[in-house]
Each structure stands twice: as structure tokens, then as C-alpha cells.
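*Asks:*
2 protein chains.
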Amino acid sequence: MTSEAPTRAYRRLSVEERRSQLLDAALSLFAVRAPEDVSLDDVAETAGVSRPLVYRYFPGGKQQLYEAALRSAAEELEHCFAEPPDGPLTRRLSNALDRYLAFVDQHDAGFSALLQGGSVVETSRTTAIVDGVRRAAAEHILSHLHVSHPDISDPAVEEPSPRLRMTVRMWITSVEAASLIWLDEEKEPPLDELRDWLVEQFVACLVATAARDAPTEAVVRAAIALEPADGPMGSLARRVLPVVSDAAHLL
Amino acid sequence: MTSEAPTRAYRRLSVEERRSQLLDAALSLFAVRAPEDVSLDDVAETAGVSRPLVYRYFPGGKQQLYEAALRSAAEELEHCFAEPPDGPLTRRLSNALDRYLAFVDQHDAGFSALLQGGSVVETSRTTAIVDGVRRAAAEHILSHLHVSHPDISDPAVEEPSPRLRMTVRMWITSVEAASLIWLDEEKEPPLDELRDWLVEQFVACLVATAARDAPTEAVVRAAIALEPADGPMGSLARRVLPVVSDAAHLL
Numbered sequence: 001m002t003s004e005a006p007t008r009a010y011r012r013l014s015v016e017e018r019r020s021q022l023l024d025a026a027l028s029l030f031a032v033r034a035p036e037d038v039s040l041d042d043v044a045e046t047a048g049v050s051r052p053l054v055y056r057y058f059p060g061g062k063q064q065l066y067e068a069a070l071r072s073a074a075e076e077l078e079h080c081f082a083e084p085p086d087g088p089l090t091r092r093l094s095n096a097l098d099r100y101l102a103f104v105d106q107h108d109a110g111f112s113a114l115l116q117g118g119s120v121v122e123t124s125r126t127t128a129i130v131d132g133v134r135r136a137a138a139e140h141i142l143s144h145l146h147v148s149h150p151d152i153s154d155p156a157v158e159e160p161s162p163r164l165r166m167t168v169r170m171w172i173t174s175v176e177a178a179s180l181i182w183l184d185e186e187k188e189p190p191l192d193e194l195r196d197w198l199v200e201q202f203v204a205c206l207v208a209t210a211a212r213d214a215p216t217e218a219v220v221r222a223a224i225a226l227e228p229a230d231g232p233m234g235s236l237a238r239r240v241l242p243v244v245s246d247a248a249h250l251l
Numbered sequence: 001m002t003s004e005a006p007t008r009a010y011r012r013l014s015v016e017e018r019r020s021q022l023l024d025a026a027l028s029l030f031a032v033r034a035p036e037d038v039s040l041d042d043v044a045e046t047a048g049v050s051r052p053l054v055y056r057y058f059p060g061g062k063q064q065l066y067e068a069a070l071r072s073a074a075e076e077l078e079h080c081f082a083e084p085p086d087g088p089l090t091r092r093l094s095n096a097l098d099r100y101l102a103f104v105d106q107h108d109a110g111f112s113a114l115l116q117g118g119s120v121v122e123t124s125r126t127t128a129i130v131d132g133v134r135r136a137a138a139e140h141i142l143s144h145l146h147v148s149h150p151d152i153s154d155p156a157v158e159e160p161s162p163r164l165r166m167t168v169r170m171w172i173t174s175v176e177a178a179s180l181i182w183l184d185e186e187k188e189p190p191l192d193e194l195r196d197w198l199v200e201q202f203v204a205c206l207v208a209t210a211a212r213d214a215p216t217e218a219v220v221r222a223a224i225a226l227e228p229a230d231g232p233m234g235s236l237a238r239r240v241l242p243v244v245s246d247a248a249h250l251l
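Chains A and B, in that order, give the protein sequences.
When the letters of the first sequence are read in order and numbered with the UniProt record's numbering, they come out as residues 1 to 251.
When the letters of the second sequence are read in order and numbered with the UniProt record's numbering, they come out as residues 1 to 251.
Dropping the structure here:
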């Protein structure tokens, strides 16, 4: 454990490289253990450096290291939702979810500890970082829900309606919940299936909101126009029809 | 502030009555202020008793009082979701949501502080209490999602499928998110509208899950059979049709 550490500590890394090495080591530990079970000694050992070196970079100790690691993870997580505004909406959402779910898969215990709350390292600052990620994800998704269909150009829908905004934020929260349940249930169902189902849940929520909110209806109509029959929305539509086949008395 | 307190402190209340009076006073304060801005002096003043009396009942101080108040609120909240298993599913859900949203409306700041996390009084114990409410709400709702339609009797659907369970838990989380946004946005839209929309979101999520989960499909078919045309599901169906009228290319 200690024989190698001093040698490796003297490898010439720049300040930024060293900092990033320590954050990676911390993240890899927070990914498999609760924050309260990770010590600075563990981080030093994983990074192959001395404990004083960790303290030199993070004089505030574990709390500071945790918050820095969290900030670094938050940046990575925010990037998951950046997606070019081309192609069918469901394909863009699938791409973003693929990256998000890979992040969840990789950060595992750290992701759970963070979102489940009540952890010893949780403070109003860490909560603010997590809220920041939620807000950024919502803004990314909302930026795809502009009406860009040439037949519809109502300036009123440029700014998302409160109802559309609320729908997106609710879906993001439910994706978080699904991720936690998924980690808790030994990563079942497989990632691809979970992703497709979450996309379908989004489509369903969006359509239900469109049924009482004209700006959302414009967004849904524009999105439908871009969807191919062999895409997720077509597949969902064909599977929903038999489910509601006995609903004629409701129409 | 103090002239009345000693007199009122000597009113003869039983231990249980006194405890409950102190909890009510605490809850009314936590409802309008962040937990860190509520002192035991405030609680004593609101209850019209002396500070030592508050300490006699809650020797652990504010943290103990907060947890006791939270437990009392959690019990009340769990009752919101208890609903007899009669009539259309959407009516039962509307009733439960009416009670839940009235609770949110009434407990306001305390509800926000609790769920937004990072509060000084938040511990793994308070998190566990909140998780208990979520679990209880999910079980209540799942108990209504049995297949009781006479034409369908598959014992396999007696126990909710993992996908159905996940759908319900996701919806509960998204209702929480909606409640927080609603409090944050000066209680807009009106409660009735929010309730109807949340019911519609539930129906949409359930139908989307039914499209890939046979046990959920059985639940949805049984629910549809009990819904009247003038109920929320009929209203939703009629408003969704025009939204998806241009989706013929997907079928």
C-alpha cells in the first residue's frame, strides 16, 4: 500500500493534472461506497500519492474534495443533455438518455448517495449543485421543444409555456427516480430497454399536456411531423392502439 | 408575549394533548419558515407555554421536535392516499390528490424545505420518514391497480409487475416535483386544474407502460372498462385525438 506511493507522488504532473487525478480517484471511490465510508487515506492510496499531498490540494478535507468531485461530475452530467437540434425529437432524446444512463451506470453508489439525501456530506451547497444539473437538463430539453415546423410559426410558443416547462421538469425528476430504482434493482431492465421506455414516457406526458395546453400542442404537432414510422413514436403509437381498443365508450 | 404564557401553561392538558399542541405549533411555524429560522422560543410562544415546558416534552431540542412534527405530518400525508376501492380509477386518484394537494397547500414552506434537501435538520432519519411516505403512497396506489374486471382473471397480475411498480413510483416523484414547482410559482395553476392534469399524466404514463408490459395492459383495460365517458379519461381521450390527428404516417 505505501511502498509505491512516495515514488508515484513525485511524478511530474501539472497542478491541473494532479487535481484532476485526485478528483478521478475520489469519484471512483464515491461510485462504489457511501461518502461516509471514503477517507482521505483511501483517496491518497487510490491515486498513489501521500495523504499530505491530498490535503495540499484540498485543505478543506473530505467535504471540499467531495464538493469538487461533485462539481466535476455535475459538469459531465450536464454535457449528457447537450445534443444537436437535428432529426426526430425522440432520436435526440434517446442519444441524451444513452449518455445519462451510462453516467448513472458508471457512478452507481455515488449517484444513489447523492440523490437519496441525508448523507453526512450533503449541504445546501451540494443540493444547489444537483439542482443546477436539473435546471441545465431542463433547459437543454426545452431548447429542443421549439416549434421549428415551417407550417406553424407562432411567436408565442418561442418561450416554453409554464405547463410545458413543468412537464419537462416532472419528467426529469421521474427519470432520476427510475435511475435510482434501476440501480436498486440490480440494473434491471437492460439499459436499452430502460432508455426506450423513458423516451416513451416522455412522449406520453408531452401528449397529455398538449391536450390542455395549446403551445405544447404546437410543439407535439411539429415533433410528430418529423418522426419516422420506424422510430420510437411510431412504435409506441402502434402498441398503444390495441391497449385502448376497448375505449370506444369514452369517445 | 410573556405575560400570558405562564397562565396558559398551567391549563390542564393531558400529556398527549400537550404534546399534540406543541407539535401543531411547531408544524404551523415550519409551514411558513425554513427549519433553521424556527427556534424553541418561537414554538413556546406560538403554543403559549414556557420554553422549559417545550424542553420537558422534547429534551432533544429542535431536532427532536422537528422529527416528531415530521412524523406527525407523515402520518397525515399517508392517510391522503387511503381511498376505498370503488368506482372509476381516475375518481379515486382525484380524491387522493385533492387531499394530498390540500396538505401541500397548507404546509407550504415546511413541505418545500423538507423535500428540497440540504436543510440543517435533515438527517438519514428524516430522509427515511419521507421515503416511508413515498413507499406508503405507492402501495396505496398499487392496491387500486389490481385487475378486478370479471373478464380478465390472470393470477400473474395479482402482484404488480416491476414495470407497473416503477411507473407508479415515477409518477409519485413527478407529483412531488409538480407540488414544489406549484408552491414556487405562487400556486399557479389553481388546485383543481393541477389535480386534473396530474391525473391525466398518470393515465398517460400508465398507457405508455401498458404498451410494453402485459400485466399493466390488463390493469389499463380493466380501468378503461370502469371509466364513464364524462370522466377524466373520456375527457382526455377526446382532447388527445385532435393532437395526434396528423400522426397517420406513424401507424
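Glycine residues also receive a C-beta, built at the ideal position from the N, C-alpha and C atoms.
Since the structure is predicted, the reported quantities are computational estimates derived from the model, not experimental observations.
Apart from the five residues just before and just after residue 92 of chain A, which ones in its own chain have a Cβ nearer than 7 Å to its Cβ?
*Replies:* Excluding sequence neighbours, residue 92 of chain A sits near 83, 144.
*Asks:* Got a sec? Which residues, its chain only, sit under 6 Å from residue 47 of chain B by beta carbon, not counting five neighbours each side?
*Replies:* Here the set comprises 21, 22, 25.
*Asks:* Could you pull out every residue in the same chain whose Cβ sits closer than 6 Å to the Cβ of residue 32 of chain A, ignoring the five residues on either side in sequence?
*Replies:* Closer than 6 Å at the Cβ level, and outside the excluded window around residue 32 of chain A, lie 109.
*Asks:* If the criterion is Cβ atoms closer than 8 Å, does the pair residue 220 of chain A and residue 243 of chain B meet it?
*Replies:* Yes, the Cβ-Cβ distance between residue 220 of chain A and residue 243 of chain B is below 8 Å.
*Asks:* Residue 205 of chain B and residue 201 of chain A: beta carbons closer than 8 Å?
*Replies:* Yes, they are a contact pair.
*Asks:* Between the C-alpha atoms of residue 224 of chain A and residue 234 of chain B, what's the straight-line distance to the nearest angstrom?
*Replies:* Each residue's alpha carbon lies about 23 Å from the other.
*Asks:* By how many angstroms is the C-alpha of residue 34 of chain A removed from the C-alpha of residue 78 of chain B?
*Replies:* Near 29 Å, if we compare the C-alpha coordinates of residue 34 of chain A and residue 78 of chain B.
*Asks:* Suppose you measure from the CA of residue 125 of chain B to the CA of residue 19 of chain B; what does that come to, to the nearest Å?
*Replies:* Between residue 125 of chain B and residue 19 of chain B, the C-alpha separation is close to 21 Å.
*Asks:* Based on Cα-Cα distance, which residue from B:90, B:81, B:96, B:14 lies nearest to residue 57 of chain B?
*Replies:* Nearest option by C-alpha distance: B:14.
*Asks:* Given that residue 185 of chain A touches chain B, what residues does it touch there, using C-beta distances under 9 Å?
*Replies:* Here the neighbours are 162, 166.
*Asks:* Which residues in chain B have a C-beta closer than 8 Å to the C-beta of residue 63 of chain A? List them in chain order.
*Replies:* The contacting residues do not exist; residue 63 of chain A stays about 13 Å from chain B at best.
*Asks:* DSSP state of residue 62 of chain A, grouped into three classes?
*Replies:* Three-state result, residue 62 of chain A: helix.
*Asks:* Can you tell me which of the three DSSP states residue 79 of chain B falls into?
*Replies:* Three-state result, residue 79 of chain B: helix.
*Asks:* Quick check on the DSSP output: the alpha helix (DSSP H) that includes residue 204 of chain A runs from which residue to which?
*Replies:* Element bounds for residue 204 of chain A: 191 to 210.
*Asks:* Relative to the C-alpha of residue 197 of chain A, which residue among A:236, A:147, A:137, A:41 is closest?
*Replies:* Cα-wise, what sits closest to residue 197 of chain A is A:236.
*Asks:* When the cut-off is 8 Å and only beta carbons count, does residue 201 of chain B lie next to chain A?
*Replies:* Judged by the 8 Å Cβ criterion, residue 201 of chain B is in contact with chain A.
*Asks:* So the candidates are B:187, B:194, B:217; which of them puts its Cα closest to the Cα of residue 241 of chain A?
*Replies:* That would be B:217, whose Cα lies nearest to the Cα of residue 241 of chain A.
*Asks:* Which of the three DSSP states, helix, strand or coil, is assigned to residue 16 of chain B?
*Replies:* Note: residue 16 of chain B maps to helix in three-state DSSP.
*Asks:* Output yes if chain B places a C-beta closer than 8 Å to the C-beta of residue 174 of chain A; else output no.
*Replies:* Closer than 8 Å: yes.
*Asks:* Cα separation between residue 212 of chain B and residue 176 of chain B?
*Replies:* Whole-angstrom Cα-Cα distance: 26 Å.
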